[in-house]
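Keeping their order, the protein sequence lines are chains A and B. If you read the first sequence in the working numbering, its first letter stands for residue 8, the second for the next number, and so on. If you read the second sequence in the working numbering, its first letter stands for residue 2, the second for the next number, and so on. Every residue gets a Cβ at the ideal spot worked out from N, C-alpha and C, and that includes glycine. Heads up, the thing below is written out as C-alpha cells.
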Amino acid sequence: MKRTPDAYLRCALLAIAAVLLQISGLGSGRVLGGYVDLAPLVVAAVAIYAGAVPGAAMGFGTGLLLDLLVGGTVGASSLVLTAVGYGVGRYREVRDPAHGLMAIPVGAAATLGWVVAFAAVSFMLDVGATVSWLVLREMAATTLLGAIIALPVFAICRRVLRPVLLVDPLDLRRRRRAPRDAGPIGLRGLEV
Amino acid sequence: MYDSKVIRRRRAALAIFVVLSLGMLTVYFGESGGGALHSVQRGAQAVFAPLETGVNRALKPVRDLFGWVGDTFDAKGENEQLRDEVTDLRERLGESETARHDVRELRQLVGLHETDGFPQGTEPVGARVIVRSPTVWYSTIGIDKGSGDGIRLDQPVVAAGGLVGKVTDVTGGSAEVTLITDASSAVAAQVMPNGATGIVHPVIGNPKDLLLDYITKGRRVTEGTIVVTSGFATDEVQSIFPRGIPIGRVVRVDPDEFEQFQRVHLAPLADIRGIDYVQVLTERGVTTQAGVPAQ
C-alpha cells in the first residue's frame, strides 16, 4: 500500500465506519446466538490487500477505537486485532492467495481468531469468568456469520483501498487467467 | 523474498503495536478512573456520541431485520421449549388436581365416620379402587385390599358420602365390590327421622337413581330426607349392613293410586361412578345413636 495521506485517510475511514456500524447497529442484532462482527473482517480485508504491517496497524487502530468508544479495557481489542491483522497479512505475503472466494475462509479465520483470542484475554483480565456452552456457541455463530458476510465486506474494502494499493491480489489472479505470452499448454518457452 | 531490512521493519512494527497495546492495558489497569486513558476514553465517547446517535437511527431498519431473522430462528427453539413446559405444567396440574380430588374424597370418607348415627367400631380398612366396571349395567369395582387385609365376603363398603356396596369376591390381595346400583343389590333401609323402613334397590341403567320400595302410603316421606341402612336383625337373620350408614337422599316420591306402597327415588350420597377410595367395614360395629347424618 502506498504511504500517502490518502491511504491513511481511507484506512481511518474504514476503521471508523466499521467501529461505528459495529457499536451502533450491527452488534446488537443477534442471529443464531451470535452477532455480526465487522471489526475483524475489515482488519483482515486491509491486511489481505495491503500486507502484514498495514494490517497490524489497521488492527491496532481499529481495536483502540473500539476500546475507546465501547468503554472497554483500552489495549485489549487493539492487542488482539493487531495479531489478527498481522497474521492475515503474513498469510497473504507467504501464500499470495488470489482466489475470488478467498474472503470467506479468511473472514472466517479472522473472526474466529478474534473471538477466541479476545475471549482468552477477557478471561485473563476478568476474575471469575468461565467458559460456558453459551460462549462457545456464540463464538461458532459469530464465526459463521463472519464467513457469510465476508465477501461483501472484502469487496467494499477493496473498492475503497484499490486506488492506494501497490498490488491487488485479485488483479494477479486475472493476469494468471490470460497467459498471453505462454504456449498452447501454458508453459513459457514452448511456443510452437 | 524479502530482504532482512524489510523483515526487521515488519517485526519492529509488530513489536511496537504489541508493546503499545500491552502498555495501554497496564496503564489502564493501573490508573484511577480520572487517569489519562480514562479521560481519553471519555473524550472519544463524547466526540463520537452524536455520530453514534445518527448511525444508530439510520441503522434501525437493519437492526430490526437482524432482530427479525434472529427471532425467527430463535422462535423455533423457543416454541419447542414452551411446548415442553406446557406439557410439564399440564402433567403437574393433572397431578395437583388428582391430589386435591383425592384429599377431598378422603376427608369426606373420614368425616363419614363422624356423622351422627354411623356405626362405631367397624374397623374400616381403606382401599383404592383399581378396577371399574366400564358400563352402567354391571356395577362392580375392584379394590386393592383382600383377605390378607382382613376383608371377607359380604362386608359393607363405604365411600365419601355413604354406602357404595358390599364385598362379593375376595382374593389374597384384592376384592370385588358389588355396588348398590347393581341389579342384584337390595339394602334394608330406613328413612330418617320418621323411621319408615323399606328396601333400596337400583334403577337399572341409571346409577344416579335408587328406588326405596315398600314404604307404606301412610308414612310421609319428604324430598331431601336422608335414608340410611336399617340394619335389621332377628333371631334367625340379620342384614349384612349395620344400622346407620347413609345411603341416599330422597329426590322424588311417586304415590301410586293402585299400589299399597310408595315409590321413593333416592340420589346416592356417594359418587358411585367416580369413587377412587373406599373403606371396607370389617366389623359390624354398634350404632349408638340413630340420628340424622350431617348434611
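Legend entry - Backbone CA spacing between Q121/B and I273/B [nearest angstrom]: The C-alpha of Q121/B lies about 23 Å from the C-alpha of I273/B.
Legend entry - Contacts of V101/A in chain B (Cβ-Cβ under 7 Å): Residues of chain B passing the Cβ test: none, with the nearest at roughly 10 Å.
Legend entry - chain B contact residues for T89/A, given Cβ-Cβ distances below 8 Å: Against chain B, the beta carbon of T89/A has neighbours under 8 Å at L15, F18, V19, S22, listed in chain order.
Inset, instruction - State the DSSP-derived secondary structure class of P1/B, mapped to helix, strand or coil. - result: Past the boundaries of the shown model lies residue 1/B; chain B is included only from 2 to 296, so the question cannot be answered.
Inset, instruction - Could you list which residues in chain A have their beta carbon closer than 9 Å to that of D133/B, in chain order? - result: As written in the sequence, residue 133/B is Arg, which differs from the Asp given in the question. Simply none; closest approach about 49 Å.
Inset, instruction - Give the straight-line distance between the Cα atoms of R133/B and S175/B, rounded to the nearest whole angstrom. - result: Approximately 13 Å, taken between the alpha carbons.
Inset, instruction - Below 8 Å on the Cβ atoms is my guess for L267/B versus Q156/B; work out the distance and round it to an integer in Å. - result: Actually they are not in contact, since the Cβ atoms of L267/B and Q156/B sit about 22 Å apart, beyond 8 Å.
Inset, instruction - State the Cα-Cα distance for the pair S186/B and N80/B, rounded to the nearest angstrom. - result: Going from the Cα of S186/B to the Cα of N80/B covers about 55 Å.
Legend entry - Distance, G68/A Cα to A19/A Cα: Straight through space, the alpha carbons of G68/A and A19/A are spaced by roughly 8 Å.
Legend entry - N- and C-terminal bounds of the alpha helix (DSSP H) containing R221/B: For R221/B, there is no enclosing alpha helix (DSSP H), as DSSP gives it neither H nor E.
Inset, instruction - Give the secondary structure of T11/A by DSSP, where H, G and I count as helix, E and B as strand, and everything else as coil. - result: Correct three-state label for T11/A: coil.
Inset, instruction - Quick one: which residues of the region 68-82 of chain A get their C-beta closer than 8 Å to a C-beta of chain B? List them in chain order. - result: Residues G70, L71, L72, D74, L75, L76, G78, T80, V81, G82.
Legend entry - Distance between E92/B and G55/B (C-alpha atoms, nearest Å): Rounded to whole angstroms, the gap between the alpha carbons of G55/B and E92/B is 52 Å.
Legend entry - Nearest-angstrom Cα separation, counted from A100/B out to V251/B: Between the C-alpha atoms of V251/B and A100/B there is a straight-line separation of about 31 Å.
Legend entry - One or two residues paired with P269/B in a DSSP bridge: According to the DSSP secondary-structure assignment, P269/B is paired through a beta bridge with G249/B.
Legend entry - Residue-level contact to chain A via CB, A335/B, 7 Å cutoff: Outside the shown range of chain B (2 to 296) lies residue 335/B, about which nothing can therefore be said.
Legend entry - Candidates T226/B, T223/B, R221/B, T230/B, of which the one nearest H202/B by Cα: Residue nearest to H202/B within the set T226/B, T223/B, R221/B, T230/B is T230/B (criterion: CA-CA distance).
Inset, instruction - Would you mind stating whether Y93/A and G114/A have Cβ atoms separated by less than 7 Å? - result: No.
Legend entry - Test item: CB-CB of M65/A and L172/A under 7 Å: No, they are not a contact pair.
Inset, instruction - Mind checking which residues open and close the alpha helix (DSSP H) that includes D74/A? - result: Where D74/A is concerned, the enclosing alpha helix (DSSP H) stretches over 59-77.
Inset, instruction - Measure how close the beta-carbons of L86/A and L23/B come, nearest whole angstrom, since I'm counting them as under 8 Å. - result: Correct: roughly 7 Å between the Cβ atoms.
Legend entry - Test: V50/A CB closer than 7 Å to a CB of chain B: The Cβ of V50/A sits no closer than 7 Å to any Cβ of chain B.
Legend entry - Within 8 Å of chain B by C-beta, residues of the region 142-176 of chain A in sequence order: Cβ proximity to chain B below 8 Å picks out nothing from the region 142-176 of chain A.
Inset, instruction - Tell me, please, whether the region 217-226 of chain B touches the region 106-113 of chain B by the rule of three or more beta-carbon pairs shorter than 8 Å. - result: No: the two stretches stay apart, fewer than three of their Cβ pairs being nearer than 8 Å.
Legend entry - Nearest-angstrom beta carbon gap, A57/A and L1/A [assumed within contact, 8 Å]: The structure shown has nothing for residue 1/A, since chain A only spans 8 to 199.
Inset, instruction - Say whether chain A places a C-beta atom closer than 7 Å to the C-beta of R83/B. - result: Here residue 83/B is Leu; the residue named in the question, Arg, does not match the sequence. False, the Cβ-Cβ gap to chain A never drops below 7 Å.
Legend entry - Own chain residues within Cβ distance below 8 Å of G153/A, not counting five before or after: If we look at G153/A and ignore the five residues flanking it on each side, its Cβ neighbours are V43, D44, P47, L48, G114, A115, A117, T118, L119.
Inset, instruction - Buried or exposed for S40/B, please, with buried defined as at least 16 other CB atoms from any protein chain shown within 10 angstroms of its CB. - result: The Cβ neighbour count for S40/B, taken over all protein chains shown within 10 Å, is under 16; the residue is labelled exposed.
Legend entry - C-alpha gap between D72/B and A110/A, whole angstroms: Annotation: D72/B to A110/A spans about 28 Å, alpha carbon to alpha carbon.
Inset, instruction - Could you pull the start and end residues of the alpha helix (DSSP H) that K6/B belongs to? - result: For K6/B, the enclosing alpha helix (DSSP H) starts and ends at 5-31.
Legend entry - Same chain, Cβ closer than 6 Å to F233/B, neighbours up to 5 away in sequence not counted: Excluding sequence neighbours, F233/B sits near A189, S240.
Legend entry - Proximity below 7 Å, CB of I144/B to CB of A128/B: Taking 7 Å as the Cβ cut-off, I144/B and A128/B qualify as a contacting pair.
Inset, instruction - Indicate whether at least one CB of chain D lies closer than 7 Å to the CB of S129/A. - result: Here chain D cannot be found, since the structure's protein chains are A and B.
Inset, instruction - Determine the direct distance from the alpha carbon of V122/A to that of G34/B, and round the result to whole angstroms. - result: Looking at the two C-alpha atoms, the distance is approximately 27 Å.
Inset, instruction - State yes or no: is the beta carbon of A59/A nearer than 7 Å to at least one beta carbon in chain B? - result: Chain B contact via Cβ: present.
Legend entry - Simplified DSSP state of P203/B, which is helix, strand or coil: It is a strand residue.
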